[in-house]
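In the working numbering, the protein residues as written are 2 to 254.
Glycine included, every Cβ here is placed at the ideal spot set by N, Cα and C.
Remarks on the structure that follows.
See below:
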């Protein structure tokens with residue numbers, strides 16, 4: 002039986018500005034399962050990124066609990082959360098945060114050595130992962146500015162995977178890429194998910210959402226739709242697209 006990797010109960014997030022409170026997340030009860038590829042969708046301002054940051058420990062909820070692999074993140078202080086994220090979470094963002102003064106390989110090693118001090122082991126794993134995502138040895142000594150957008154994002158995914166995270170978080174990871182680069186990056190996410198990597202991704206893009214097996218639709222801080230698409234298969238893409246399109250139409254997307 003598949004285990005839950007994240008469970009939230011009565012999760013709330015409120016921001017205050019000039020004495021006015023904005024309730025961004027409202028009493029969310031969510032269960033994410035291991036090895037799922039969960040997509041979070043919704044209109045701008047619906048709370049998608051806020052939810053992602055709360056579940057990953059990047060931001061603290063105002064109320065409620067977040068059980069992440071048996072740890073209640075709401076009870077951890079900032080230092081404890083930093084250690085937890087480093088050991089259990091991987092992050093991929095729309096903005097590709099590679100260090101321009103470090104080579105491709107060194108960017109990955111810098112992240113891996115924060116958890117595993119055995120440089121030989123980390124380097125072997127880094128090279129293996131880079132090869133898996135199509136970044137060959139001829140690119141390892143290059144600097145990020147010498148890469149295409151798609152190549153740089155694939156390096157970013159490797160950096161996120163180097164510490165074997167329990168959950169890979171992605172926030173609009175293809176938002177700044179052209180169609181071809183976007184497809185190459187989505188293929189990497191699909192492949193690592195097929196190998197058992199749990200993923201939760203925020204996107205507004207239908208093409209990206211089709212890669213997930215589950216779609217959560219967020220409106221005004223509340224989950225108002227939950228669609229099971231099943232495991233991604235390119236041969237079923239037409240039917241998946243139709244199913245997702247109908248679902249989003251029902252959600253008023």
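Are the beta-carbon atoms belonging to residue i and residue j less than 8 angstroms from one another?
{"i": "residue 53", "j": "residue 203", "result": "yes"}
{"i": "residue 27", "j": "residue 51", "result": "no"}
{"i": "residue 145", "j": "residue 99", "result": "yes"}
{"i": "residue 42", "j": "residue 210", "result": "yes"}
{"i": "residue 153", "j": "residue 67", "result": "no"}
{"i": "residue 104", "j": "residue 219", "result": "no"}
{"i": "residue 156", "j": "residue 109", "result": "yes"}
{"i": "residue 231", "j": "residue 214", "result": "yes"}
{"i": "residue 71", "j": "residue 10", "result": "no"}
{"i": "residue 83", "j": "residue 62", "result": "no"}
{"i": "residue 35", "j": "residue 4", "result": "yes"}
{"i": "residue 44", "j": "residue 254", "result": "yes"}
Answer with buried or exposed for residue i, where buried requires no fewer than 16 other C-beta atoms within 10 angstroms of its C-beta.
{"i": "residue 207", "result": "exposed"}
{"i": "residue 192", "result": "exposed"}
{"i": "residue 158", "result": "buried"}
{"i": "residue 119", "result": "exposed"}
{"i": "residue 37", "result": "buried"}
{"i": "residue 142", "result": "exposed"}
{"i": "residue 49", "result": "buried"}
{"i": "residue 194", "result": "buried"}
{"i": "residue 239", "result": "exposed"}
{"i": "residue 126", "result": "buried"}
{"i": "residue 91", "result": "buried"}
{"i": "residue 121", "result": "exposed"}
{"i": "residue 19", "result": "exposed"}
{"i": "residue 16", "result": "exposed"}
Would you please state the rounded distance, in angstroms, between the beta carbons of residue i and residue j? I believe it to be under 8 angstroms.
{"i": "residue 112", "j": "residue 86", "result": "Actually they do not touch by this definition, with Cβ atoms about 12 angstroms apart."}
{"i": "residue 39", "j": "residue 186", "result": "Not really, about 17 angstroms apart at Cβ, beyond 8 angstroms."}
{"i": "residue 174", "j": "residue 94", "result": "7 angstroms"}
{"i": "residue 21", "j": "residue 199", "result": "Not quite, the Cβ-Cβ distance comes to about 37 angstroms (not below 8 angstroms), so this is no contact."}
{"i": "residue 317", "j": "residue 178", "result": "The structure shown does not extend to residue 317, since the chain is modelled only from 2 to 254, so the question has no answer here."}
Just curious, the alpha helix (DSSP H) that residue i is in, first and last residue?
{"i": "residue 10", "result": "It is not in any alpha helix (DSSP H) - residue 10 instead sits in the beta strand (DSSP E) that spans 5 to 18."}
{"i": "residue 113", "result": "105 to 113"}
{"i": "residue 189", "result": "180 to 195"}
{"i": "residue 244", "result": "238 to 252"}
{"i": "residue 146", "result": "That residue, residue 146, is in no alpha helix (DSSP H); it is neither H nor E in DSSP."}
{"i": "residue 228", "result": "Careful: residue 228 lies outside any alpha helix (DSSP H), inside the beta strand (DSSP E) at 223 to 229."}
{"i": "residue 204", "result": "Residue 204 -> no alpha helix (DSSP H), and no H or E assigned at all."}
{"i": "residue 212", "result": "Taken as a continuous stretch (DSSP letters only), residue 212 belongs to no alpha helix (DSSP H), as it is neither H nor E."}
{"i": "residue 125", "result": "120 to 133"}
In the DSSP assignment, find the unbroken beta strand (DSSP E) run with residue i in it and report its ends.
{"i": "residue 171", "result": "168 to 172"}
{"i": "residue 218", "result": "215 to 220"}
{"i": "residue 26", "result": "21 to 34"}
{"i": "residue 265", "result": "What is shown of the chain runs 2 to 254, which leaves residue 265 out entirely."}
{"i": "residue 93", "result": "90 to 94"}
{"i": "residue 56", "result": "Residue 56 -> not in any beta strand (DSSP E); alpha helix (DSSP H) instead, spanning 49 to 57."}
{"i": "residue 41", "result": "38 to 42"}
I want to know whether the region 168 to 184 touches the region 221 to 233 - three or more CB-CB distances under 8 angstroms. no
Given 8 angstroms as the limit, is there contact between the region 20 to 36 and the region 177 to 185, that is, 3 or more CB pairs closer than that?
no
Within the chosen definition, does the region 152 to 163 reach the region 128 to 136 through at least 3 CB pairs nearer than 8 angstroms? yes
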